[in-house]
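These notes concern the structure reproduced below.
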Amino acid sequence: MENGEVLIDCQSVWKVFGTRSAEAIRAITERGLGKTEVLQQFGCVVGVSDATLKVHRGEIFCIMGLSGSGKSTLIRQLNRLIEPSLGKVLVKGRDLAQMDAATLRETRARHIGMVFQSVALLPQRNVLENAAFGLEVQGVGRDERNQAARAALAKVGLSDWLDRYPSELSGGMQQRVGLARALTSDPEIILMDEPFSALDPLIRRQLQDEFRQLTKDLGKSAVFITHDLDEAIRIGDRIAIMKDGVIIQVGTAEDIVMNPADQYVADFVAGISRLHLVKAHSVMIPVADFRALDPATDPASLPQCDGQADIDALIGKITETGSDAVAVTEDGAIAGVVTTRNLLLSVRGDGAPAAH
Amino acid sequence: MDNSAFIDGFDTAIDNALFWLGDHAGFLFDGARALLEGLYDAILWLVLLPPFYVIAALAGVIGWRALNLWFGISSAAALAFCAAMGLWSDTMETLALVIAAVVIALAISLPVGTLAGLMPRLDRALTPVLDLIQTMPPYIYLLPSIALLGFGPATALVATVIVAVPPAIRLTALGIRMTPQEFIELGQALGLSRSQMFFKIRLPFAVPSIMAGINQSLMMAFGMVVIAGIVGSGGLGATIYGAIRTLDIATSINASIAIVILTMILDRVTQSAGQGAARAGKERT
Numbered sequence: 361m362e363n364g365e366v367l368i369d370c371q372s373v374w375k376v377f378g379t380r381s382a383e384a385i386r387a388i389t390e391r392g393l394g395k396t397e398v399l400q401q402f403g404c405v406v407g408v409s410d411a412t413l414k415v416h417r418g419e420i421f422c423i424m425g426l427s428g429s430g431k432s433t434l435i436r437q438l439n440r441l442i443e444p445s446l447g448k449v450l451v452k453g454r455d456l457a458q459m460d461a462a463t464l465r466e467t468r469a470r471h472i473g474m475v476f477q478s479v480a481l482l483p484q485r486n487v488l489e490n491a492a493f494g495l496e497v498q499g500v501g502r503d504e505r506n507q508a509a510r511a512a513l514a515k516v517g518l519s520d521w522l523d524r525y526p527s528e529l530s531g532g533m534q535q536r537v538g539l540a541r542a543l544t545s546d547p548e549i550i551l552m553d554e555p556f557s558a559l560d561p562l563i564r565r566q567l568q569d570e571f572r573q574l575t576k577d578l579g580k581s582a583v584f585i586t587h588d589l590d591e592a593i594r595i596g597d598r599i600a601i602m603k604d605g606v607i608i609q610v611g612t613a614e615d616i617v618m619n620p621a622d623q624y625v626a627d628f629v630a631g632i633s634r635l636h637l638v639k640a641h642s643v644m645i646p647v648a649d650f651r652a653l654d655p656a657t658d659p660a661s662l663p664q665c666d667g668q669a670d671i672d673a674l675i676g677k678i679t680e681t682g683s684d685a686v687a688v689t690e691d692g693a694i695a696g697v698v699t700t701r702n703l704l705l706s707v708r709g710d711g712a713p714a715a716h
Numbered sequence: 622m623d624n625s626a627f628i629d630g631f632d633t634a635i636d637n638a639l640f641w642l643g644d645h646a647g648f649l650f651d652g653a654r655a656l657l658e659g660l661y662d663a664i665l666w667l668v669l670l671p672p673f674y675v676i677a678a679l680a681g682v683i684g685w686r687a688l689n690l691w692f693g694i695s696s697a698a699a700l701a702f703c704a705a706m707g708l709w710s711d712t713m714e715t716l717a718l719v720i721a722a723v724v725i726a727l728a729i730s731l732p733v734g735t736l737a738g739l740m741p742r743l744d745r746a747l748t749p750v751l752d753l754i755q756t757m758p759p760y761i762y763l764l765p766s767i768a769l770l771g772f773g774p775a776t777a778l779v780a781t782v783i784v785a786v787p788p789a790i791r792l793t794a795l796g797i798r799m800t801p802q803e804f805i806e807l808g809q810a811l812g813l814s815r816s817q818m819f820f821k822i823r824l825p826f827a828v829p830s831i832m833a834g835i836n837q838s839l840m841m842a843f844g845m846v847v848i849a850g851i852v853g854s855g856g857l858g859a860t861i862y863g864a865i866r867t868l869d870i871a872t873s874i875n876a877s878i879a880i881v882i883l884t885m886i887l888d889r890v891t892q893s894a895g896q897g898a899a900r901a902g903k904e905r906t
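Encoded structure:
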């Protein structure tokens, strides 16, 4: 995933709100002011501060943060709904800020789809017309756009609802139409602005799984905003944690759970279930340490598992075999050992050997 | 201090200016008068062309479609009652005057209101003007027009248009301005051009407010055509004005009833059209 083509390259992007934002920006560039100083000296609020991220082809990139963390501002800078005060956003290698109005419209229409928390389905149009709206404004003929919209609606399971109006649909179904509308234009990148936040938990989980599956099947890339870490972990290949306009940490779910960058992230991940998140290679101890602990047991005689096995699988292994430890093999050799103690600690949340 | 000389001078200047306009731009005002009266006459000819029961039946059908059968039957019966009172041609003259005035008023206020909705600066500039128009007693608008256009329906039309324009401008501008932010964002994210943003997003959401503006415009016009009886508007306004001067209370009440009937029919029909548009928008959100 890390090696794929970079579709969105967001370089040191800032957004400063307020009447004196121009002065504030100058102070930031010339004197390196931080956001607290900017607020004190200029009365300007820093929405996004020095955000840098890359989204690769085929990747689902989650931005997780609480309300006011600047995540919605940041995602709107990725298609220039909000103009960055400073910094650059490149989409497929092209600088959004350098585009004229027509090119920008074209880029938004063809390359970047967007799905909103409020869904924003046009109330006067039925489901099919809503899903076809993106192509309609691109000037695609009725038959062609309706065909594309039907295909997209079929993907989200709404084939029987084409003639209904948004008011006749449940919240979950409305959001499916929103997703279908974004898919109809067949963009490479989909920006998802807290799309499932207003839905009830069961529907939300269902849509999360469907969304991930669909995005992977279609080979799309997505930037997904959420305030829910569970959602970010379920959906995201990589997760960025935002707080007060700053990206504090970027990494896979496992990176973030195992090695939180600071106390804020640590508090956040404290309640997260590690069963499917943490892999054997990050909880195992070196073979030498195991020998020191338990000289009587030969590591080669232990039941074995792969380094990618998660804690759930390790627990299964231990309960099935009655052994107290599992040997972790990588490339056919024993790379380390996971003991029952390691497992218990990792389930609780401080199982990484590095943390001792 | 005696300032009567100053006041005399001021009045003379205004008189002279009006004379000058009459002398030098008379052809303009004659043209305007011909145009306005042409429109009025055309509409009047149209509504007087069929016998009264055809118009009454037509109003009945419109009332039925727009509201319900009961309202349709009442409308038809009420219009037939106007004819029975011997006020049919007066009622139709008033109707023609109101329709002509509202058509002109909408031709002005829909585009102006739309622009004001899109351009906050224009809106800010217009607001005090509209406030002024609505604060002044409506009689005032008879004066400049009678000076320049003379006695007759053209003057009544101009004065009626002036009072009918402000509510339609305000409500059109409001409707265009109040597009929900999430739909503006949707339009931007989908790459809509400016005209697409207007016709596909802003306008559909503004329709209920615009319909309310048209309704208000119509109501203001009805108020004014009665007053305009003084300057020779003809129709029910003139009937009432004449009846008052001769203390013919009975006739003035007959004419008033006819006006109420006409007003109620047009009010309810346009209101229900506006509510229909609002429902179509709201129910489906």
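Protein sequences appear in the order of chains P and W. Quick note: to get the numbering used here, add 360 to the position in the first sequence (first position is 1). Quick note: to get the numbering used here, add 621 to the position in the second sequence (first position is 1). Don't be surprised by glycine CBs; every beta carbon is placed ideally from N, CA and C. Note that this is a predicted model, so its numbers are computed, not measured.
Best match in the options for proximity to residue i [C-alpha to C-alpha]
{"i": "residue 410 of chain P", "options": "P/421, P/437, P/420", "result": "P/437"}
{"i": "residue 542 of chain P", "options": "W/820, W/799, W/801, W/808", "result": "W/808"}
{"i": "residue 506 of chain P", "options": "P/616, P/517, P/641, P/522", "result": "P/522"}
{"i": "residue 639 of chain P", "options": "P/650, P/655, P/426, P/613", "result": "P/613"}
{"i": "residue 731 of chain W", "options": "W/785, W/793, W/712, W/774", "result": "W/793"}
{"i": "residue 430 of chain P", "options": "P/604, P/442, P/490, P/470", "result": "P/604"}
{"i": "residue 713 of chain W", "options": "W/692, W/667, W/688", "result": "W/667"}
{"i": "residue 881 of chain W", "options": "W/843, W/629, W/896", "result": "W/843"}
{"i": "residue 497 of chain P", "options": "W/755, W/702, W/818", "result": "W/818"}
{"i": "residue 467 of chain P", "options": "P/441, P/446, P/564", "result": "P/441"}
{"i": "residue 489 of chain P", "options": "P/475, P/508, P/478, P/474", "result": "P/508"}
{"i": "residue 781 of chain W", "options": "W/761, W/798, W/799, W/860", "result": "W/761"}
{"i": "residue 588 of chain P", "options": "P/577, P/578, P/600, P/582", "result": "P/600"}
Partners in chain W for residue i, counting only beta-carbon separations shorter than 7 Å
{"i": "residue 707 of chain P", "result": "None at all; the shortest Cβ gap to chain W is about 42 Å."}
{"i": "residue 556 of chain P", "result": "Near residue 556 of chain P there are no residues of chain W at all, since even the closest Cβ is about 16 Å away, more than 7 Å."}
{"i": "residue 401 of chain P", "result": "Here the premise fails: no neighbours, minimum Cβ distance about 30 Å."}
{"i": "residue 695 of chain P", "result": "Under the 7 Å cutoff, chain W gives no residues; its nearest Cβ is about 47 Å from residue 695 of chain P."}
{"i": "residue 439 of chain P", "result": "810"}
Under 9 Å by beta carbon: chain P residues contacting residue i
{"i": "residue 833 of chain W", "result": "Here the premise fails: no neighbours, minimum Cβ distance about 18 Å."}
Any non-hydrogen atom of the ligand HEM closer than 6 Å to residue i Cβ
{"i": "residue 390 of chain P", "result": "Judged by which ligands are present, the structure shown has none, so any question about the ligand HEM falls away."}
Residues bridged to residue i (per DSSP)
{"i": "residue 416 of chain P", "result": "P/366"}
{"i": "residue 687 of chain P", "result": "P/664, P/697"}
{"i": "residue 551 of chain P", "result": "P/474, P/583"}
{"i": "residue 719 of chain W", "result": "DSSP, once it has assigned bridges, lists no residue as partnering residue 719 of chain W."}
{"i": "residue 382 of chain P", "result": "According to DSSP, residue 382 of chain P bridges with nothing at all."}
{"i": "residue 670 of chain P", "result": "P/639"}
{"i": "residue 446 of chain P", "result": "P/374"}
{"i": "residue 894 of chain W", "result": "In DSSP, residue 894 of chain W forms no bridge with anything."}
{"i": "residue 422 of chain P", "result": "P/584, P/599"}
{"i": "residue 411 of chain P", "result": "P/373"}
{"i": "residue 889 of chain W", "result": "DSSP lists no partner for residue 889 of chain W."}
{"i": "residue 455 of chain P", "result": "P/450"}
{"i": "residue 779 of chain W", "result": "DSSP, once it has assigned bridges, lists no residue as partnering residue 779 of chain W."}
{"i": "residue 406 of chain P", "result": "P/376"}
Chain-ordered neighbours of residue i on chain W, where CB pairs are closer than 9 Å
{"i": "residue 652 of chain P", "result": "Near residue 652 of chain P there are no residues of chain W at all, since even the closest Cβ is about 59 Å away, more than 9 Å."}
Under 8 Å by beta carbon: chain P residues contacting residue i
{"i": "residue 825 of chain W", "result": "482, 484"}
Inside the stretch 560 to 648 of chain P only - beta strand (DSSP E) runs reaching at least 3 residues: Those beta strand (DSSP E) runs which fall completely within the stretch 560 to 648 of chain P and span 3+ residues are 581 to 586, 598 to 603, 606 to 611.
Complete runs of the alpha helix (DSSP H) confined to the stretch 783 to 868 of chain W [at least 4 residues]: Runs of the alpha helix (DSSP H) lying entirely within the stretch 783 to 868 of chain W, each at least 4 residues long, are 802 to 810, 824 to 848, 856 to 866 in chain order.
Chain W contacts made by the stretch 464 to 477 of chain P, where a contact means CB separation under 7 Å: The stretch 464 to 477 of chain P vs chain W, Cβ under 7 Å: 465, 466, 468, 469, 474, 476.
Which runs of the beta strand (DSSP E) fall wholly inside the stretch 465 to 542 of chain P and span at least 3 residues, in chain order? Runs of the beta strand (DSSP E) lying entirely within the stretch 465 to 542 of chain P, each at least 3 residues long, are 472 to 475 in chain order.
At a CB distance below 7 Å, what residues from the stretch 808 to 819 of chain W approach chain P? Give them in sequence order. Taking 7 Å as the Cβ-Cβ cut-off, the stretch 808 to 819 of chain W approaches chain P at 809, 810, 811, 812, 813, 814, 817, given in chain order.
Residues of the stretch 493 to 507 of chain P with Cβ closer than 9 Å to any Cβ of chain W, in chain order: Answer in chain order: 493, 494, 496, 497, 498.
Quick one: which residues of the stretch 787 to 809 of chain W get their C-beta closer than 7 Å to a C-beta of chain P? List them in chain order. Taking 7 Å as the Cβ-Cβ cut-off, the stretch 787 to 809 of chain W approaches chain P at 803, 804, 806, 807, 809, given in chain order.
Where are the beta strand (DSSP E) runs, 3 residues long or more, that stay fully inside the stretch 717 to 773 of chain W, in chain order? Segments of the beta strand (DSSP E) lying fully in the stretch 717 to 773 of chain W: there are none.
With a floor of 4 residues, list each alpha helix (DSSP H) that falls wholly inside the stretch 646 to 728 of chain W, ordered by position along the chain. Runs found: 647 to 669, 673 to 687, 690 to 705.
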